[in-house]
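Before any comments, here is the structure.
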Amino acid sequence: MKNSLTNKKYKSQSANRRISLSVTYTLLIVFGIIWLIPLLWIFLSAFRCEYQADGTFIGRVTSNFFPNSFGLENFKMLFSSTYYGVDHAFLKWMLNTLIIAIIDCIISTLLVLSVAYCMSKLKFKLRKTFMNISMILGLFPGFMSMIAIYFLLKSIGLTGNPAHPEYSLVGLVLAYSAGAGLGFQIAKGFFDVIPNALVESAKLDGCTNSKVFWRIILPLAKPIIIYQALMSFTGPWMDFIFAKVIIGADNARYWTVSVGLYSMLFGTHPDTNLFTQFAAGCVIVAIPIVTLFMFLQKYYVEGVTAGAVKG
Amino acid sequence: MGTDSKRTRNNGRAGFFFRIGNAFSEFGKRFVDGSLGTKLSHFIFGAGNFYHGQFIKGLLFLLVQAGILAVMILCPTINNTPYGWKALANLSLKNVSEGGEFDFATGEMTVGSDCKLMVLFGFVTIALIVIYFLVWNLNIASSYKADKARKVGKKPTTFVQDIKELFDGKFHVLMLTPTCLAATVFTILPTVFMISLAFTTYNSQDMNKLGTNLFGWNGFQNFSSVFTGEGSLGFEIKNRFLPVLGWTFIWAILATLTCYFGGIILALLINKKGLKGKKLFRTLFILTIAVPQFISLLAVRNLLGEYGPINSLLLSWGWIKEPIGFLGLQAGDSEILAKIMVIVINMWVGIPYTMLMTSGILMNIPTDLYEAARVDGSSTTKMFFKITLPYVVFVTTPYLISSFVGNINSFNTIYLLTGGGPTYVGYQAGGTDLLVTWLYKVTIDQGSYNTGAVIGIFTFLITATITLVTYRRSKAYNEEDTFQ
Numbered sequence: 137m138k139n140s141l142t143n144k145k146y147k148s149q150s151a152n153r154r155i156s157l158s159v160t161y162t163l164l165i166v167f168g169i170i171w172l173i174p175l176l177w178i179f180l181s182a183f184r185c186e187y188q189a190d191g192t193f194i195g196r197v198t199s200n201f202f203p204n205s206f207g208l209e210n211f212k213m214l215f216s217s218t219y220y221g222v223d224h225a226f227l228k229w230m231l232n233t234l235i236i237a238i239i240d241c242i243i244s245t246l247l248v249l250s251v252a253y254c255m256s257k258l259k260f261k262l263r264k265t266f267m268n269i270s271m272i273l274g275l276f277p278g279f280m281s282m283i284a285i286y287f288l289l290k291s292i293g294l295t296g297n298p299a300h301p302e303y304s305l306v307g308l309v310l311a312y313s314a315g316a317g318l319g320f321q322i323a324k325g326f327f328d329v330i331p332n333a334l335v336e337s338a339k340l341d342g343c344t345n346s347k348v349f350w351r352i353i354l355p356l357a358k359p360i361i362i363y364q365a366l367m368s369f370t371g372p373w374m375d376f377i378f379a380k381v382i383i384g385a386d387n388a389r390y391w392t393v394s395v396g397l398y399s400m401l402f403g404t405h406p407d408t409n410l411f412t413q414f415a416a417g418c419v420i421v422a423i424p425i426v427t428l429f430m431f432l433q434k435y436y437v438e439g440v441t442a443g444a445v446k447g
Numbered sequence: 036m037g038t039d040s041k042r043t044r045n046n047g048r049a050g051f052f053f054r055i056g057n058a059f060s061e062f063g064k065r066f067v068d069g070s071l072g073t074k075l076s077h078f079i080f081g082a083g084n085f086y087h088g089q090f091i092k093g094l095l096f097l098l099v100q101a102g103i104l105a106v107m108i109l110c111p112t113i114n115n116t117p118y119g120w121k122a123l124a125n126l127s128l129k130n131v132s133e134g135g136e137f138d139f140a141t142g143e144m145t146v147g148s149d150c151k152l153m154v155l156f157g158f159v160t161i162a163l164i165v166i167y168f169l170v171w172n173l174n175i176a177s178s179y180k181a182d183k184a185r186k187v188g189k190k191p192t193t194f195v196q197d198i199k200e201l202f203d204g205k206f207h208v209l210m211l212t213p214t215c216l217a218a219t220v221f222t223i224l225p226t227v228f229m230i231s232l233a234f235t236t237y238n239s240q241d242m243n244k245l246g247t248n249l250f251g252w253n254g255f256q257n258f259s260s261v262f263t264g265e266g267s268l269g270f271e272i273k274n275r276f277l278p279v280l281g282w283t284f285i286w287a288i289l290a291t292l293t294c295y296f297g298g299i300i301l302a303l304l305i306n307k308k309g310l311k312g313k314k315l316f317r318t319l320f321i322l323t324i325a326v327p328q329f330i331s332l333l334a335v336r337n338l339l340g341e342y343g344p345i346n347s348l349l350l351s352w353g354w355i356k357e358p359i360g361f362l363g364l365q366a367g368d369s370e371i372l373a374k375i376m377v378i379v380i381n382m383w384v385g386i387p388y389t390m391l392m393t394s395g396i397l398m399n400i401p402t403d404l405y406e407a408a409r410v411d412g413s414s415t416t417k418m419f420f421k422i423t424l425p426y427v428v429f430v431t432t433p434y435l436i437s438s439f440v441g442n443i444n445s446f447n448t449i450y451l452l453t454g455g456g457p458t459y460v461g462y463q464a465g466g467t468d469l470l471v472t473w474l475y476k477v478t479i480d481q482g483s484y485n486t487g488a489v490i491g492i493f494t495f496l497i498t499a500t501i502t503l504v505t506y507r508r509s510k511a512y513n514e515e516d517t518f519q
């Protein structure tokens, strides 16, 4: 008698669980669809290949979510077109961004790691002062100083230089990476967890501080190195405000890809008919970045979580 | 704990003044006690090092002194604006010339002064002076150290030894110098420059009328114009400041809370026991983080646009008669709808972040808590409110604060979605503009650098107050070095 009762209870519990699981599945699938729709739409628009009755290509936003016919026309146009008077503009923008991203990635990561190591594992006089100053500086809205950086770079010819427009790229790299060292908090949180005993024993064995950094800390810090590198590499692909202001609206040859894509739709000469080409550009930018993220997902999650708990 | 932290803070402050006093007595002591070389070092950099035979080091110090003094005295000019003592004099922004007159000596038109460069170079010069005195102090200390070594019968360190020390005991100097230099030039200097602009008449609208690059100091007038409405953008800043400030707060609170709790719920759903395809679902949501924001947000903007699929769908269903301006892109669109839309779309952007973060934390909740609760016969909902939620909220409080501050400065979402719209005739600040987007419009689009700087300073004051009040109380700050 008693046995059957518990059995019944067990059965109703498992039925409950099944119901709640299926509710969870439904919710997650609905959410998943909501989250995917805009991205899917951009993806579909990139491959849209529709023509009007008179044979002209339809590039603007249309009312149908799913294209009536697919093709690679947008990609062909994107790579061969002249935008803002620049031949093969998209290719050039991609190349500019790639160069900036690589250099920024190297400089920023080195700066962040070196500052974080000092703050976490070395004892010196002005340590706390340095941490407080960096925190206060971080509270000013970033583009309050943006325009001042532009004036500064312009006064030394690193942007808005009519003789050497390409110097703007150097200026932008400086603007991106120079302040990077002040964003050491997440990496410091990571270094804090590495036991001090490890550092101490290495020093007893006669290691210098520099050797401790290169031979002991860095090999252990692979996740945070990858996180920082990922963040600073993807930064230039995502930013468009800083790049637009520093490089200048009239220097289209040296824009980064995000400035270029943004300008297609909302620049000084926006063209609603460029929407599908914009979408194609988005797909080309997004694919490598998304792939990177997916491969390095583990490290990204680790960095984000470390940042959350330490604040 | 409260009294404890108070005591240490008081100690710290007293210690600070004590240290300043100490530093001064140190200066005197070094001059009196030091060798001839050390005494000379007070006037000629590196003299002490030459005296002790440390030639390379001495030469380096001497070069710094010669370089900075040369800049100070010779006043090299860039774009017709001098550095050096002339730059300090120029900081007063008096004695400026409008330019545009015929100069008989050169046979060309004269170039007018550029006040923004004058201010900028003035601050660069001040930074140089600070560096000068820091190096001055270093050079005396270095010579004094060599004196002491001599006294106990040791040889002063050689250059090679100094370099070696830079990789060991003074490793932090080597590691921090690049960041300090770069941050001074690209963060501190620009910030100080922009703050100072808040006290000027630098406003390109006025200056275009005059056709020059001239402006002057005007004290706190730009700040008082928030209340009086004076100045060229005074009308705007007086009437729009409070609405924008209020909306910034409402936005920051709602955006933080919706994303936070939404993220926790999503994380709970994904981490539900017995659910298959956890990894697939998580990857799907990370996808939206990985796609650059300007792509995903512009996609949403076009999706909701006047001729976009959503409006067409609603039209074809007959639910609406004409396209809805969801995002307030046209002047007549509803402000409330635009505000609701940006918050909802921001959830779409922000929830995956919180989901990621809380997923890890949820897995760390000690399982015996749940088991004990289950033995006591608690229901799942009760366990959620009594165990899960308090635990997650406790652990993520620092994140909650930083994401609130982040939302106050959330430029991308607003700028890319609504551009601050719906706009009002005669005003820059639209219905959904935050302080930061307003700052952008006022400086970059309008060229009212002084007004922009005032808005920036207010934004800083708000975020700084919130951060300092909460952060100084937090464990993460007070027990920062207990981890080690």
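The listed protein sequences correspond, in order, to chains X and R.
Each residue of the first sequence is one higher than the one before, starting from 137 at the first, in our numbering.
Each residue of the second sequence is one higher than the one before, starting from 36 at the first, in our numbering.
We put the CB at the ideal spot given by N, CA and C, even for glycine.
Neighbours of T344/X across chain R, judged by C-beta separation under 7 Å: F202, D203. Chain R places a beta carbon closer than 7 Å to that of I285/X, counting this residue as a contact.
For W282/R, the uninterrupted alpha helix (DSSP H) run begins and ends at 269-305, by DSSP. When C-beta atoms of the segment 199-213 of chain R are compared with those of the segment 127-135 of chain R, fewer than three pairs fall below 8 Å, so the two segments do not count as touching. Taking a contact as a CB-CB distance under 8 Å, the pair T293/R and M382/R counts as one, their CB atoms being some 5 Å apart. Any Cβ of chain R closer than 7 Å to the Cβ of P372/X would place that residue at the interface, and such an atom is absent.
The alpha-carbon of W171/R is positioned some 35 Å away from that of G325/X.
If the five residues before and after I321/R are omitted, its C-beta is found closer than 8 Å to the C-beta atoms of P387, L391, all from its own chain and listed in chain order.
If only uninterrupted alpha helix (DSSP H) runs of at least 4 residues are considered, those enclosed by the segment 177-261 of chain R are 194-201, 206-218, 224-232, 239-245. The C-beta distance from F221/R to L310/X rounds to 7 Å, short enough to meet the 8 Å contact threshold. Under the Cβ distance rule, S291/X counts among the residues neighbouring chain R, one pair being separated by less than 7 Å. In the DSSP assignment, the residues bridged to F193/X are Y187/X.
Linking K356/R to F211/X through their CA atoms gives a straight-line distance of about 36 Å. Annotation: V261/R to N409/X spans about 43 Å, alpha carbon to alpha carbon. Going by beta carbons, G119/R and V106/R fall inside the 7 Å limit.
Against chain X, a Cβ distance below 7 Å from P225/R picks out S281, A284, I285, L288.
Within the segment 350-416 of chain R, the runs of alpha helix (DSSP H) that reach at least 4 residues and sit entirely inside it are, in chain order, 370-399, 402-410. Here the C-alpha atom of R196/X lies approximately 58 Å from the C-alpha atom of S346/X. In the pairwise beta carbon analysis, the segment 311-318 of chain X is classified as not touching the segment 411-426 of chain X: fewer than three pairs are separated by under 8 Å. The alpha carbon of R336/R has as its nearest neighbour, out of L401/X, A379/X, V395/X, the alpha carbon of L401/X. In the DSSP assignment, W350/X falls outside any alpha helix (DSSP H), carrying neither H nor E.
Look at H207/R: its C-beta is under 7 Å from a C-beta on chain X.
T73/R is positioned such that its CB atom lies no closer than 7 Å to that of V251/X. Here the segment 437-457 of chain R lies against the segment 280-293 of chain R, with 3 or more beta-carbon pairs under 8 Å apart. Residue contact check for S347/R against chain X: a CB pair falls below 7 Å.
For the segment 384-399 of chain X, the beta-carbon criterion of a distance under 8 Å to any beta-carbon of chain R is satisfied by S394, L397, Y398. Only L175, W177, I178, S181 from the segment 175-195 of chain X bring a Cβ to less than 9 Å from some Cβ of chain R. A233/R is positioned such that its CB atom lies no closer than 7 Å to that of N253/R.
Within chain X, no residue has its CB atom less than 9 Å from the CB of F276/R, the nearest being about 16 Å off. Along the segment 415-426 of chain X, going in chain order, the ones with a CB nearer than 7 Å to a CB of chain R are C418, V421, A422, I425, V426. C-alpha of Y253/X to C-alpha of G395/R: approximately 25 Å in a straight line. Counting C-beta atoms within 10 angstroms of its own C-beta, Q321/X has 16 or more neighbours from the protein chains shown and is therefore classed as buried. In its chain, beyond the 5 residues on either side, A366, G465 have a beta carbon closer than 6 Å to the beta carbon of T458/R.
Counting along the chain, I377/X sits inside the alpha helix (DSSP H) bounded by residues 377-383. Annotation for L246/X: the continuous alpha helix (DSSP H) segment containing it runs 225-257.
For the pair V146/R and N125/R, the CB atoms are not nearer than the 7 Å cut-off.
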